[in-house]
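Asker: Using this note's numbering, read the sequence shown as starting at 924 and increasing by one per residue. Take this structure first; my questions come after.
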Amino acid sequence: MGLRIKEVIKEKGMTVQTLADKIGINRVGLSNHINGNPSVAVLEKIAAALEVPIQELFEKEQKENINGYIEIGNEIFKITSFQDIRNIINRFDSDNS
């Protein structure tokens, strides 16, 4: 089972540097954890800083294949997950509020 920490960072609109600052380590150290085998303690810190359950940091079993594009105005969005769809909906809901 692989990690999807980089994907969650992106979903949260953060950068590796921002996350590193939040958990109190340098960017290189965090990158080493992300690309290596982080301990449970580090995963707990990352999950807390990202405000997600720890299981969200692991790849999920694919139940459905989602692959497509949505064009809204002059922007094209690639969709590969339900989370992509939620992110687009949330973005445009907040823009229209």
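Glycine residues also receive a C-beta, built at the ideal position from the N, C-alpha and C atoms.
What is the rounded straight-line gap between the Cα of residue 932 and the Cα of residue 970?
Answerer: The count along the sequence shown starts at 1 and reaches residue 932 at position 9. The count along the sequence shown starts at 1 and reaches residue 970 at position 47. Taking the straight line from one Cα to the other gives about 10 Å.
Asker: Between residue 966 and residue 998, what straight-line distance do the alpha-carbon atoms span, to the nearest angstrom?
Answerer: Taking the sequence shown and counting its residues from 1, the one referred to as residue 966 is at position 43. Taking the sequence shown and counting its residues from 1, the one referred to as residue 998 is at position 75. So the alpha carbons of these two residues sit roughly 34 Å apart.
Asker: Return the bridge partner residues of residue 926 from the DSSP annotation.
Answerer: Position 3 of the sequence shown, counted from the first residue, corresponds to residue 926. According to DSSP, which records beta bridges pairwise, residue 926 is partnered with 981.
Asker: Using only the alpha-carbon positions, how far apart do residue 1010 and residue 934 sit?
Answerer: Counting from one through the sequence shown, the residue named residue 1010 turns up at place 87. Counting from one through the sequence shown, the residue named residue 934 turns up at place 11. Cα-Cα distance, rounded: 8 Å.
Asker: Helix, strand or coil: which one does DSSP assign to residue 1001?
Answerer: One-based indexing of the sequence shown puts residue 1001 at position 78. In this structure, residue 1001 counts as strand in the three-state DSSP scheme.
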